[in-house]
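For the record, the sequence lines run as chains A, B and C. The numbering of the first sequence is the working numbering, which starts it at 152 and goes up by one. The numbering of the second sequence is the working numbering, which starts it at 121 and goes up by one. The numbering of the third sequence is the working numbering, which starts it at 80 and goes up by one. Ideal Cβ positions, reconstructed from N, Cα and C, are used throughout, including at glycine. Taking it in order: structure first as structure tokens, then the write-up.
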Amino acid sequence: MSAVMGLEIHVHLLTESKLLCGCSTDNEGRAPNENTCPICMGFPGSKPRLNRRALEHGVKIAKALNCRVLPEVRFSRKGYFYPDMPKNFQITQYEVPLGEGGHLLLEGRRIGITRVHIEEDPAKLVHIGGDITSAKYTLIDHNRSGIPLAEIVTAPEITSPKEARLFLNKLSLILEHLGAFDPCGEGSIRIDANISLEGGQRVEVKNITGFRSVEDALNYEIIRQRSMANMGIAVERETRHYDAETNTTSTLRKKEQEEDYGYIVEPDLVVIDVTDDWIKELEDEMPELPDARIQRFVEQYGLPPLQSGIIVNAGLDMSEFYEECCRLPGDPKEVARWVVTFLMKSLNYEGLSLRDSKVNPETFVELLELMDEGTISERLAKELIKEYVSTGLSPRKLVEERDLGLMPLDEIRAVVESVIENNPKAVDDFRDGEPKVVDFILGQVLRRIRARGRPTKIMEQIVEKLKSASVAQ
Amino acid sequence: MTEEWVIDRRLLEHLAQVSRLKLTDDELDKFTEQLQVILQAFREIEEIDTEGVEPSFHPIDVRNVLREDAVKAWKWDPLENSRHVEGRYLKGPRIT
Amino acid sequence: MTDPFLRAKELDEKYRFLNAVAQDTTSTGAGRLQGYSVSVKDCICTKGIETKAGSRILEGYVPPFDATVVSRCRSEGAVILGKTTQDEFGFGTFNVNTPYNVPLNPHDLERTCGGSSGGAACLTAVADFPHLALAESTGGSISCPASFCGVVGVTPTYGRVSRWGLIDYANSLDKIGCMAKTVGEVALLLSVIGGPDEYDSTVLDVPEEDFADLEISVEGVKMGVPEEYFAEGVDDGVKDSIWVALKVLEGEGADLSEVSLPHTGVALSAYYIIAMAEASTNLAKLCGLRYGLQPEEGGNFDEYFSRVRAEGFSEEAKRRIILGTFTRMAGYRDAYYLKALKVRTRVIEDFKRAFEEVDVLAAPTMPVVAPRFNEIAEMEPIQQYMMDVLTVAPNLAGVPMISIPCGEVDGMPAGLHIMADHLEETKMLGVARAWEVLR
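Shown next, in the form of structure tokens:
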């Protein structure tokens with residue numbers, strides 16, 4: 152049974168002040184309702200004032216998603232009653248969006264973008280004494296009311312839950328490049344996912360946070376709807392809520408309960424002309440987008456496309472980090488290899504993001520320099536990097552302090568001899584042609600010298616010694 | 121076309137629910153009648169030729185009023201007029 | 080020197096125009112309004128003074144900020160007197176739609192003061208101390224009571240005066256204006272309150288204008304008389320009073336001509352549809368949270384909101400909320416809300432066309448003089464709405480207008496309505512001043 156999926160994404164736009172008033176958007180560490188004014192709290196007599204930067208972000212997003220930008224910007228009132236709505240209507244764009252008819256390229260396929268528009272965020276609710284369905288009462292915090300959001304609606308052209316996740320990753324990256332949003336901000340992106348099976352009724356799962364959760368929720372829905380179909384139960388059109396803890400969805404609202412929003416044009420705001428000149432100005436301001444960057448890394452640094460893709464897709468931080476490393480002396484291809492193969496792996500292993508780690512370009516390239524110079528082996532570098540990502544301590548200093556530089560060859564030779572002496576059976580095995588014996592000795596030696604030697608060189612010495620030992624006996 | 125100009129009691133109940141107004145039976149009866157009369161009077165706008173006419177959302181054309189993105193904090197106590205509060209939160213009814 | 084606060088309270092005992100009195104009786108001292116008390120219609124926010132817009136649902140609400148117009152008055156040395164009563168949120172033509180004071184017409188206590196700014200007109204008529212009134216008009220709420228009470232009321236061009244701090248009835252129709260006993264005084268107040276304000280995005284980008292230095296201007300002024308405004312529904316006595324005035328003005332050099340505003344009749348329906356649609360969204364925020372009426376908790380939010388709103392809103396408010404919600408619902412929106420907005424364009428075109436030929440328009444303000452309360456009690460809602468037939472069209476078009484006392488019928492004042500094109504307040508004030516001098 153084929154499934155057809157679409158996404159509605161709400162993104163917190165990066166601005167200093169809210170969409171319709173001068174309150175700050177920085178709610179970090181604020182007491183509830185501290186970041187408010189009569190406008191964002193919907194006090195009688197207050198009137199909205201449109202934030203220019205929010206609009207500019209919206210236009211850039213529309214352009215980055217290949218939309219046609221509409222020449223006139225109007226706002227609407229979307230009416231519905233809810234405790235998180237200071238005015239019991241939301242100022243949004245209904246009649247005419249900011250941009251329409253665009254697309255996002257995902258692995259060679261175009262996913263249609265139906266519309267892009269901006270709107271205000273409602274307040275934050277805390278349900279007391281239960282969850283949303285069982286709470287005794289609600290606490291309301293209007294710090295979030297009025298934060299500018301961009302709403303991006305896809306066409307129902309996503310064909311699998313995994314594709315939904317990949318789409319979101321790419322969209323998030325594009326928005327991050329635009330400087331329109333901060334992926335690390337709490338709740339900075341929320342997703343509603345729509346799915347219908349085999350042309351059946353459409354189910355919407357609302358307010359999912361986390362791209363993995365979107366994939367999970369859609370997978371759950373497919374299973375749920377398929378089993379209903381198998382039992383001959385019709386899937387109703389409804390709105391559902393996803394619970395990340397149990398990884399299930401549950402009914403929020405049935406079709407009959409769907410709101411009629413009664414849209415009117417927002418009469419306290421005036422129409423804004425989006426001229427071609429203004430669009431051109433904004434386009435010129437737009438930074439390099441992910442696809443363009445991937446291509447440029449291939450051309451400028453000679454990287455294979457796949458590798459370039461990995462670096463860029465890891466986030467704006469990562470690709471900028473990479474480029475800064477390339478500005479220092481060294482081989483960009485080597486840098487890329489180390490970033491992709493070891494840095495990213497170590498960060499993952501330590502559970503750190505690049506931003507949270509202590510990694511910086513100057514100290515990172517020291518690792519490569521140390522290997523180039525022959526001071527340490529690649530194997531040691533792989534060990535060091537694990538420690539490095541959490542401490543950020545200069546590898547060069549570390550090597551010096553702990554005396555981790557490569558052992559001189561004659562010292563290694565002494566260790567090799569010592570190990571072989573302690574393992575007389577190895578000599579016999581070698582004579583008998585046992586293939587793994589060299590590796591075994593190598594392992595022992597490396598352990599003893601704490602990897603301060605190059606395996607190939609050590610193996611040469613081992614073989615030489617084993618040969619001479621086996622002959623001697 | 122004619123149905124658009126009719127409000128019956130069922131529609132009225134729906135409208136009351138949508139606008140969160142708890143109406144008594146008397147009010148529902150009374151309003152059904154009154155609103156029906158009013159709607160019939162409003163019908164006259166059907167007759168007016170508005171072919172190719174743009175709607176006027178404002179009586180005078182005002183355009184392009186934007187605010188620069190800068191923080192201006194409002195010094196006030198947002199909860200001063202609120203009766204139902206808990207700490208610095210507003211206290212509101214449960215969802216379901 | 081009369082203490083305006085004591086005097087106002089005294090007069091209020093008899094005429095019932097106040098909803099709240101200011102505690103702070105001080106003024107900043109100097110300015111264009113020095114020596115004046117300014118009363119403020121209840122729907123205009125006054126910091127520290129209870130502001131209810133005539134409704135129970137805002138009972139106890141004390142705004143944390145002044146409306147722009149109020150702070151401008153304060154900074155020009157006025158003393159803010161208090162809040163004048165009104166129809167709840169502006170919903171009415173007779174100031175009877177309110178659980179608070181219903182003001183009594185000073186010319187006959189059994190008659191209405193008009194509405195919705197009834198309290199403002201009433202106080203203006205009886206104040207025997209320097210007093211100016213801030214009022215508000217959506218469909219005629221300044222002109223009507225000014226006409227019924229025999230005072231001067233000016234409604235400026237839409238966007239001339241900031242609406243920041245005005246509790247909305249209909250945002251594309253609301254205008255804050257002035258009442259006083261003389262044209263000079265309304266012009267003075269208008270000069271103080273008008274002008275750009277960054278807190279209201281719909282304010283016109285025109286510089287502040289000083290109207291106080293009025294020229295009496297009637298010689299050579301082209302005055303259009305719209306035929307639709309003298310039609311059947313208008314009382315003969317009222318028509319006569321107006322014609323007398325027009326003849327006098329003609330005698331002084333005014334150039335009278337007949338014009339037609341063909342969409343006058345249908346403007347009423349278009350007005351109500353747009354106004355109610357906007358109002359129903361404006362009133363959604365009043366639900367028992369954050370301010371105003373906040374009864375005991377209980378039930379989920381649907382139940383709580385529905386209960387509070389049923390308790391806090393009067394019958395007329397409920398009717399308008401329901402109708403307003405209806406006209407913007409999916410399936411009805413095109414036939415009502417959007418159609419009405421297109422009819423509005425036609426109404427505006429009527430005025431624009433007329434003002435190509437004439438400088439001002441002159442007509443009766445209201446089709447009748449102030450009705451009796453017992454007559455009003457017999458009226459169906461639709462009949463009450465129809466009383467606005469002469470004021471809704473210019474309000475819909477956002478043109479400035481002034482009502483000035485003009486004769487009497489059965490001892491009750493009638494009003495002469497002078498209208499001008501957008502931003503042409505000066506022309507209209509000049510003619511009004513001329514009539515004031517001549518009458």
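Residue i to residue j span [Cα, whole Å]
| i | j | result |
| --- | --- | --- |
| T122 of chain B | G410 of chain C | Reliability of the predicted coordinates at T122 of chain B is poor, the pLDDT of 49 falling under 50, and no value is obtained from them. |
| G509 of chain C | M498 of chain C | 11 Å |
| E485 of chain A | L519 of chain A | 8 Å |
| N250 of chain C | T144 of chain B | 30 Å |
| G108 of chain C | D181 of chain B | 38 Å |
| C218 of chain A | G330 of chain A | 18 Å |
| S504 of chain A | V490 of chain A | 13 Å |
| K506 of chain C | E167 of chain C | 33 Å |
| L165 of chain A | D333 of chain A | 7 Å |
| Y520 of chain C | D247 of chain C | Because chain C in this structure spans residues 80 to 518, residue 520 of chain C falls outside the shown range and cannot be described. |
| T164 of chain C | A199 of chain C | 7 Å |
| T203 of chain C | M258 of chain C | 7 Å |
| S62 of chain C | L325 of chain C | Residue 62 of chain C is absent from the model: chain C starts at 80 and stops at 518. |
| S621 of chain A | E568 of chain A | 13 Å |
| A154 of chain A | L420 of chain C | 43 Å |
| L188 of chain C | T444 of chain C | 21 Å |
| E394 of chain C | F240 of chain A | 23 Å |
| L521 of chain A | L549 of chain A | 11 Å |
Neighbour-count burial assignment, residue i, 16 or more Cβ in a 10 Å radius
| i | result |
| --- | --- |
| V365 of chain A | buried |
| N184 of chain A | buried |
| D315 of chain C | exposed |
| Q137 of chain B | exposed |
| L90 of chain C | buried |
| P480 of chain A | exposed |
| A456 of chain C | exposed |
| I374 of chain A | exposed |
| G193 of chain C | buried |
| S482 of chain C | buried |
| G494 of chain C | buried |
Cβ distance (whole Å) where residue i is taken to contact residue j below 8 Å
| i | j | result |
| --- | --- | --- |
| L95 of chain A | H328 of chain A | The structure shown does not extend to residue 95 of chain A, since chain A is modelled only from 152 to 624, so the question has no answer here. |
| T104 of chain C | V175 of chain C | That pair is no contact at about 31 Å. |
| Y278 of chain C | R200 of chain A | 7 Å |
| S176 of chain B | I427 of chain C | 6 Å |
| S195 of chain C | G229 of chain C | That belief does not hold up - the Cβ atoms of S195 of chain C and G229 of chain C are roughly 18 Å apart, past 8 Å. |
| L531 of chain A | L555 of chain A | 6 Å |
| A414 of chain C | G196 of chain A | Their Cβ separation, rounded to whole angstroms, is 32 Å, which puts A414 of chain C and G196 of chain A out of contact at 8 Å. |
| P182 of chain C | G197 of chain C | 5 Å |
| N320 of chain A | D367 of chain A | That belief does not hold up - the Cβ atoms of N320 of chain A and D367 of chain A are roughly 15 Å apart, past 8 Å. |
Chain-ordered neighbours of residue i on chain D, where CB pairs are closer than 9 Å
| i | result |
| --- | --- |
| L201 of chain A | The question asks about chain D, but that chain is absent: this structure's protein chains are A, B and C. |
Sub-8 Å separation of residue i and residue j beta-carbons
| i | j | result |
| --- | --- | --- |
| R261 of chain A | E417 of chain A | no |
| T177 of chain C | N184 of chain C | no |
| G232 of chain C | G256 of chain C | yes |
| V425 of chain A | V247 of chain A | no |
| E534 of chain A | A602 of chain A | yes |
| L160 of chain C | F96 of chain C | no |
| G367 of chain C | V338 of chain C | no |
Threshold first: 3 residues or longer. Then list the beta strand (DSSP E) segments lying entirely within the region 324-353 of chain A, N to C. 340-348
Quick check for students: name the residue ranges of the beta strand (DSSP E) that lie wholly in the region 165-239 of chain A, counting only runs of 3 or more. 227-230
Going along the chain, which unbroken runs of the beta strand (DSSP E) with 3 or more residues stay wholly within the region 464-515 of chain C? 480-488 and 491-499
What ranges does the alpha helix (DSSP H) occupy inside the region 555-613 of chain A, keeping only unbroken runs of at least 4 residues that lie completely in it? 560-573, 575-582 and 588-599
Where are the beta strand (DSSP E) runs, 3 residues long or more, that stay fully inside the region 299-369 of chain C, in chain order? Counting whole runs of 3 or more residues, the region 299-369 of chain C contains the beta strand (DSSP E) stretches 301-305 and 334-338.
Pick out the complete beta strand (DSSP E) segments inside the region 187-243 of chain C, 3 residues or longer, and give them in chain order. 210-216 and 231-234
Entirely within the region 87-137 of chain C and at least 3 residues each: give me those beta strand (DSSP E) ranges in chain order. 97-100 and 116-120
My parser needs the beta strand (DSSP E) runs of 3 or more residues fully inside the region 356-426 of chain A; what are they? 389-394 and 399-405
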